[in-house]
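Trainee: Okay, so the sequence shown: first residue is 0 according to numbering that gives the first Met the number 0, each after it adds one.
Sharing a structure below in structure tokens format, with a few things to ask.
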Amino acid sequence: MKRTIPLNAIGLALVASFATSGTVYAGDGKLTLEMLYHPELKQNFNAAPLTRLSWDNQNRLIESKVNKGTAELFVINPSTWEKTALPADGNILAILKTAKIDEKELAKLADQLSARIKPETKSYIFTYKNDIWLLDLNANKARALTNTPDVKEDEALLSPDAKTVAYLKGNDMYATDVATAKEKRLTTGGSETVFNGRLDWVYQEEVYGRGDFRAFRWAPDSKKLAFLSFDETKVPVYTLSGDHAQPVKTDRTRYPKAGDSNPITKLGVVDLNGKISWTQDPYAGKETLIVQVDWTPDGRLMASWQDRVQTWLDLRIYDAKLNSKAVVKETSPAWTERLPLPHFLKDGSFIWESSRTGHHHLYHYDKNFQLVKAVTQGDWDVRAVHGIDKAKGRVLFAANERNPIGNDAYSVNLDGSNFKRLTEEKGTHMVRWNKTFTHYVDSWSSMTQTPKQALFTDAGVQVKLVDDAGVPAKVNALQLATMKHQQVKSRNGFLMESVLFLPPNFDATKKYPVYQHLYAGPMAPQVRDQWSANLYYHFLAQQGYVVWIMDNQSASNKGVSSAWPIHKKLGQLELQDQLDGLEWLRQQGFADMDRIALNGWSYGGYFTSYAMTHSKAWKVGFVGAPVTDWRFYDSIYTERYMGLPQENAEGYDKGSSLKAAKDLSGKIMIMHGTMDDNVHPQNTIMFIDALAKANKEYSLQLYPGQGHGVADVWQNWSLQKAKWKFLQDNL
Numbered sequence: 000m001k002r003t004i005p006l007n008a009i010g011l012a013l014v015a016s017f018a019t020s021g022t023v024y025a026g027d028g029k030l031t032l033e034m035l036y037h038p039e040l041k042q043n044f045n046a047a048p049l050t051r052l053s054w055d056n057q058n059r060l061i062e063s064k065v066n067k068g069t070a071e072l073f074v075i076n077p078s079t080w081e082k083t084a085l086p087a088d089g090n091i092l093a094i095l096k097t098a099k100i101d102e103k104e105l106a107k108l109a110d111q112l113s114a115r116i117k118p119e120t121k122s123y124i125f126t127y128k129n130d131i132w133l134l135d136l137n138a139n140k141a142r143a144l145t146n147t148p149d150v151k152e153d154e155a156l157l158s159p160d161a162k163t164v165a166y167l168k169g170n171d172m173y174a175t176d177v178a179t180a181k182e183k184r185l186t187t188g189g190s191e192t193v194f195n196g197r198l199d200w201v202y203q204e205e206v207y208g209r210g211d212f213r214a215f216r217w218a219p220d221s222k223k224l225a226f227l228s229f230d231e232t233k234v235p236v237y238t239l240s241g242d243h244a245q246p247v248k249t250d251r252t253r254y255p256k257a258g259d260s261n262p263i264t265k266l267g268v269v270d271l272n273g274k275i276s277w278t279q280d281p282y283a284g285k286e287t288l289i290v291q292v293d294w295t296p297d298g299r300l301m302a303s304w305q306d307r308v309q310t311w312l313d314l315r316i317y318d319a320k321l322n323s324k325a326v327v328k329e330t331s332p333a334w335t336e337r338l339p340l341p342h343f344l345k346d347g348s349f350i351w352e353s354s355r356t357g358h359h360h361l362y363h364y365d366k367n368f369q370l371v372k373a374v375t376q377g378d379w380d381v382r383a384v385h386g387i388d389k390a391k392g393r394v395l396f397a398a399n400e401r402n403p404i405g406n407d408a409y410s411v412n413l414d415g416s417n418f419k420r421l422t423e424e425k426g427t428h429m430v431r432w433n434k435t436f437t438h439y440v441d442s443w444s445s446m447t448q449t450p451k452q453a454l455f456t457d458a459g460v461q462v463k464l465v466d467d468a469g470v471p472a473k474v475n476a477l478q479l480a481t482m483k484h485q486q487v488k489s490r491n492g493f494l495m496e497s498v499l500f501l502p503p504n505f506d507a508t509k510k511y512p513v514y515q516h517l518y519a520g521p522m523a524p525q526v527r528d529q530w531s532a533n534l535y536y537h538f539l540a541q542q543g544y545v546v547w548i549m550d551n552q553s554a555s556n557k558g559v560s561s562a563w564p565i566h567k568k569l570g571q572l573e574l575q576d577q578l579d580g581l582e583w584l585r586q587q588g589f590a591d592m593d594r595i596a597l598n599g600w601s602y603g604g605y606f607t608s609y610a611m612t613h614s615k616a617w618k619v620g621f622v623g624a625p626v627t628d629w630r631f632y633d634s635i636y637t638e639r640y641m642g643l644p645q646e647n648a649e650g651y652d653k654g655s656s657l658k659a660a661k662d663l664s665g666k667i668m669i670m671h672g673t674m675d676d677n678v679h680p681q682n683t684i685m686f687i688d689a690l691a692k693a694n695k696e697y698s699l700q701l702y703p704g705q706g707h708g709v710a711d712v713w714q715n716w717s718l719q720k721a722k723w724k725f726l727q728d729n730l
């Protein structure tokens, strides 16, 4: 369960209040559910796409386009904005045709590859019919590097010198020489329970990033790879029966739930001859997690380790004999976040990111791993490090110092002096610097501003506004809600961010039913100062509903210290905050407090089920893919916040919707994909069993073959229709 990217949550920020004069779209400016979700009738309300700009290794500004399988690249003169076409080495479609790629797959594959083309890179790896292929732009040809179409090969990664490609076949690592296409097996012993170089389910979901199963990293010299090996023997298997098909499409995944056995993990180094050197476990007898692995610029192995329940983190550096030393140690009053690896300088010193104060900041360490000083500090958070300008001795980074729900670009000297915000317009900025940090391209938007893009000097002076398409005509022609952003005080004085969508022709003297959306999970805010083309809340506002979104303290992402109080008691404090929000809403006078609907998916589904069983504030609840008892969710995510169930039985019980099913208040619609390998359908099945035994009514919507989100367009249409009908019938 990702903390920063809520699952299946509807994007919220769109507009404040647009004038509705001019040509009226859809006859009367009204939205319909079909316009938003019907697979064949839905409309596109997106703003115009931004120009694709990037920097190459020669510090040139490059514009790239994909035109019918051809990559078109232009060098831009920043002073005049004149464009010079690069040599036509990007006709990927023609190259793939020559390689006899199937006609049915040509266009899609060509577009995917064309989007990756950069001027400085001539070799690209891709997978076609289970084999690894090389796209060689120097030779203008594509050729297969492997020839085992009956065996899937995946997670391919080209070495830094582009001479070797490493990949996985089953649960073992292989390498192929690019020049000769000669394959070498690097590991043995991979099986159903042993993963060499491949992340297991819980590590990819909760540690390294959903969908990326690669567990190996090339060394800078291209002669060896660091990799993780997982022994899953003791990890329980969860079975999804796949009754949506005949024959049944069973999915069996090794999935450790809270308190279960985790995979036993080892860190090793393998050379291109298959010789493996294993590192020693520095915490013998303790259960640990290896949460980061990579190499220093000078070729030393480094890794970050945490204890099972993530109360501490150690950064370890390894010598040539793979002996290690813990060089930085992090602890906290609750849990310790997984942290980025060091950003090294030429002298061997480095910038380290840490949340040790309760806010995420930058620290300068010398080459002997001694703290020099804090580079940034304050009641705000560094969001990402863009790079280190070694010529000027400064760090370039993103932070929310000015805008707690946005993102700006900053610079600061290594000694902490000359702190400067570079971005001017308020909102959420995404900055891409050139190699020498003399210029950057910024793309940004806000709740009231469609995406813009411009080129700036390193001092934040705009050179060229590249994109500013404005509000699409289709959107301007609609009768839209008035959106209001405000901060709401919790009972302990914390300022919680919230947004209201008020109906067109809103009358403050009337009472309106309320549709509330939330996620509520740790460090996963829904209120963001950025543009979204999702018009669902405006549709509801047109139908006479007030839409309300508020981030409780722990969800706000205003420093991890704002989330620490929920440690070992998920649900309890979040509910207090959300009730405080409803009290603020009541005081405004226009909300019908007897007609409030609550909607959430994933953690939001958990909280909705929890709120409906632990309070009487909501009349209707839309419970999407819910965790109904934290004993049913995965070990790494759950134990970070709740500890072990064996040691916190009271916290697990008090945070359980399942155990409070008899106290359900109001009408609920439960929604779940039958092949959800993340939040298992077991959560829903056991919840409805408890509801039935408590003589409580519920509505159930199952989505055959769907995972944690409802990806199939027709099933999603069914979901949206069912929700809309349930809302009309019960609120």
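We put the CB at the ideal spot given by N, CA and C, even for glycine.
For Asn-322, tell me which candidate among Gln-291, Tyr-518, Trp-277 has the shortest Cα-Cα distance.
Mentor: Trp-277
Trainee: With a threshold of 8 Å between beta-carbons, can Phe-493 be considered close to chain C, or not?
Mentor: Within the model displayed, chain C is absent; a lone protein chain is all it includes.
Trainee: Keeping to the same chain, check which residues put their C-beta closer than 7 Å to that of Leu-185; ignore five residues upstream and five downstream.
Mentor: Met-172, Tyr-173, Ala-174, Val-269, Gly-273
Trainee: Where does Ala-319 land, buried or exposed, given buried means 16+ other C-beta within 10 angstroms?
Mentor: exposed
Trainee: Below 6 Å CB to CB, which residues in the same chain sit around His-516 once its five sequence neighbours on both sides are set aside?
Mentor: Ile-548, Asn-598.
Trainee: With distance defined between alpha-carbon atoms, name the residue in Thr-335, Ile-387, Lys-372 nearest to His-342.
Mentor: Ile-387
Trainee: So, for Lys-67: in the same chain, excluding its five sequence neighbours on each side, which residues have a beta-carbon less than 7 Å away from its beta-carbon?
Mentor: Leu-92
Trainee: On the three-pair Cβ rule with 8 Å, is the region 557-567 touching the region 349-361?
Mentor: yes
Trainee: Could you compute how far the alpha carbon of Pro-512 sits from the alpha carbon of Lys-615?
Mentor: 16 Å
Trainee: Return the residue from the list Trp-563, Ala-523, Pro-564, Pro-503 that minimises the CA-CA distance to Tyr-536.
Mentor: Pro-503
Trainee: Can you give the beta carbon distance from Thr-264 to Leu-227, rounded, assuming they're within the 8 Å contact cut?
Mentor: 6 Å
Trainee: Are the CB atoms of His-428 and Asn-406 within a distance shorter than 8 Å?
Mentor: yes
Trainee: Rounded to whole angstroms, what's the CA-CA distance from Asp-528 to Tyr-409? Just pull it up for me.
Mentor: Pairing Asp-528 with Tyr-409, the inter-Cα distance amounts to about 18 Å.
Trainee: If you check the beta carbons only, do Lys-463 and Pro-48 fall under 8 Å apart?
Mentor: In this structure, Lys-463 sits away from Pro-48, with a CB-CB distance that is not shorter than 8 Å.
Trainee: Could you tell me whether the Cβ atoms of Gly-623 and Gly-603 are closer together than 8 Å?
Mentor: yes
Trainee: For His-484, which option in Met-446, Arg-490, Ala-472, Trp-379 has the closest C-alpha, if you only look at C-alpha atoms?
Mentor: Of Met-446, Arg-490, Ala-472, Trp-379, the residue nearest in Cα terms is Met-446.
Trainee: Please go through the same chain and pick out, in chain order, the residues whose beta-carbon is closer than 7 Å to the beta-carbon of Asp-130, but skip the five residues on each side of it.
Mentor: Ala-143, Thr-145, Asn-146, Thr-147, Pro-148, Glu-152
Trainee: Do the CB positions of Asp-378 and Ser-489 come within less than 8 Å of each other?
Mentor: Cβ distance not < 8 Å, so Asp-378 and Ser-489 don't count as in contact.
Trainee: Does the distance from the CB of Tyr-36 to the CB of Asn-715 come in under 8 Å?
Mentor: yes
Trainee: Here's the rule: buried if 16 or more other CB atoms are within 10 angstroms of the residue's CB, otherwise exposed. What is Arg-251?
Mentor: exposed
Trainee: Closer than 6 Å by C-beta to Tyr-24: which residues in its own chain qualify, once you throw out the five before and the five after it? Chain order, please.
Mentor: Any reading at Tyr-24 needs caution, since the residue's pLDDT is 44, under 50, leaving its predicted position unreliable; the model's value is listed next. Excluding positions up to five away in sequence, the list reads Lys-473, Ala-476, Leu-477.
Trainee: Could you spell out where the alpha helix (DSSP H) holding Lys-720 opens and where it closes?
Mentor: 712-729
Trainee: Nearest by alpha-carbon distance to Gln-719: which of His-679, Phe-621, Thr-637, Asn-647 is it?
Mentor: Phe-621
Trainee: DSSP state of Asn-682, grouped into three classes?
Mentor: In the structure shown, Asn-682 sits in a helix (DSSP, three-state: H, G or I).
Trainee: Give the single residue among Phe-212, Glu-204, Thr-683, Gly-708 whose Cα lies nearest to the Cα of Leu-699.
Mentor: Cα-wise, what sits closest to Leu-699 is Thr-683.
Trainee: Could you tell me how far apart the beta carbons of Ser-113 and Val-65 are, in whole angstroms, since I believe they sit closer than 8 Å?
Mentor: 4 Å
Trainee: Check the C-beta distance from Trp-311 over to Glu-329 and give it rounded, since I have them as a contact under 8 Å.
Mentor: Rounded, the Cβ-Cβ distance is 6 Å, consistent with contact.
Trainee: Can Thr-163 and Leu-271 be called in contact, C-beta distance under 8 Å?
Mentor: yes
Trainee: If the criterion is Cβ atoms closer than 8 Å, does the pair Lys-82 and Glu-62 meet it?
Mentor: yes
Trainee: DSSP puts Gly-469 in a beta bridge; with which residues?
Mentor: For Gly-469, which the question treats as bridged, DSSP gives no partner whatsoever.
Trainee: When DSSP labels each residue in this structure, what does Ala-244 get in the three-state scheme?
Mentor: coil
Trainee: Based on Cα-Cα distance, which residue from Pro-118, Asn-417, Thr-449 lies nearest to Ala-84?
Mentor: Pro-118
Trainee: Which same chain residues, not among the five before or five after Glu-33, have their C-beta less than 8 Å away from its C-beta?
Mentor: Leu-40, Lys-41
Trainee: What residues in its chain sit with their C-beta under 6 Å from that of Val-326, if we drop five residues either side in the sequence?
Mentor: Cβ neighbours of Val-326 beyond the five flanking positions: Leu-314, Ile-316, Phe-368.
Trainee: For the beta strand (DSSP E) holding Ile-635, just list the boundary residues, first then last.
Mentor: It is not in any beta strand (DSSP E) - Ile-635 instead sits in the alpha helix (DSSP H) that spans 634-641.
Trainee: Please report how far the alpha carbon of Gln-541 lies from the alpha carbon of Arg-216, in whole angstroms.
Mentor: 52 Å
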